[in-house]
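Student: Numbering-wise (this note's numbering), the sequence shown opens with residue 42 and increments by one. Dumping the structure here so I can ask a few things about it.
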Amino acid sequence: MALEGGRQNGHLWQQANTHFLKSYGFTQFWGEPNIFTLERDGSFLLVIAWIDDLTIAYANNDKNLFDQFETAYGKRFKRKIFACVDKFIGLKITRNRNARTLTLSQELYIEKMADRFLPNKALRKSTTTPAWFTDKALR
C-alpha cells in the first residue's frame, strides 16, 4: 500500500477495496464501479466505496450480514464505523424514517464549486426545481 499522500494512494486504495469486496462475494455495478451489492441467504448489503471510505446500507433484518462483513473487513483494513451518515464524498444525505425516504443533495459540492469558480456571490443566480419534477413524476 502506498504511503498516505502519495500520488497513487487513492488508486491503490480503490483497487484494494475492489479486490476485497469482490473476493468477499460482492457484485460490482457495471455502470458505476464504486457501487457494490451482496446478496446472501436472503439478506442484502449495498456498499458505496470511494477510495478508503465506505458507506454501507442494509435493512434492520440484514444486520447479521453487515456484522459478518464488518468483522471480515476490519481484519483486512483499519476502519471507523459511524451509525448514521449525513455527508459522504460531497453529498448531503437526509433520511426521513417516517416517510421511509433517503434524499441526496449536491448542494455542498455546488457551493464549493461556485465559491471556486464564481467567487462574486452577487453574480450567482438561484434556480428551483419545477413543481412537476418529483419522485412521483419519475415513476
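In this text, a Cβ means the ideal position worked out from N, Cα and C, and glycines have one as well.
Are the CB atoms of LEU86 and PHE110 nearer to each other than 8 Å?
Tutor: Cβ distance < 8 Å, so LEU86 and PHE110 count as in contact.
Student: Could you check the C-alpha separation between GLN56 and ASP108 for me, to the nearest Å?
Tutor: If I take the Cα positions, the gap works out to 23 Å.
Student: Assuming TYR99 contacts LEU106 (C-beta within less than 8 Å), just tell me the rounded distance between them.
Tutor: With 8 Å as the limit, TYR99 and LEU106 qualify as a contact, their Cβ atoms being about 7 Å apart.
Student: With a threshold of 8 Å on Cβ separation, who are the neighbours of LEU179 within its own chain once the five nearest residues in sequence on each side are excluded?
Tutor: Confidence is the limiting factor: at LEU179 the pLDDT is only 49, short of 50, which leaves the residue's position unreliable, though a coordinate-based value still follows. None.
Student: Nearest-angstrom Cα distance between ALA43 and ASN58?
Tutor: Legend: pLDDT at ALA43 = 47, less than 50; position of this residue unreliable, value from coordinates given subsequently. Distance between the alpha carbons of ALA43 and ASN58: 14 Å.
Student: What are the start and end residues of the beta strand (DSSP E) that includes GLU80?
Tutor: Looking at the DSSP string, the run of the beta strand (DSSP E) that includes GLU80 is 76-81.
Student: Which residues mark the beginning and the end of the beta strand (DSSP E) in which ASP94 is found?
Tutor: Per DSSP, ASP94 belongs to the beta strand (DSSP E) from 94-98.
Student: Got a sec, what are the start and stop residues for the beta strand (DSSP E) SER64 sits in?
Tutor: Segment 50-65 is the alpha helix (DSSP H) holding SER64; no beta strand (DSSP E) there.
Student: Pick helix, strand or coil for LEU149, following the three-state DSSP scheme.
Tutor: Correct three-state label for LEU149: helix.
Student: Measure from the alpha carbon of ASN75 to the alpha carbon of each residue in LYS104, LYS166, LEU62 and GLY83, then state which is nearest.
Tutor: Here the closest residue by C-alpha is LEU62.
Student: State the CB to CB distance for the pair GLY131 and LEU149, rounded to an integer number of angstroms; the pair is presumed to be in contact (CB under 8 Å).
Tutor: The Cβ separation is near 6 Å, so the contact holds.
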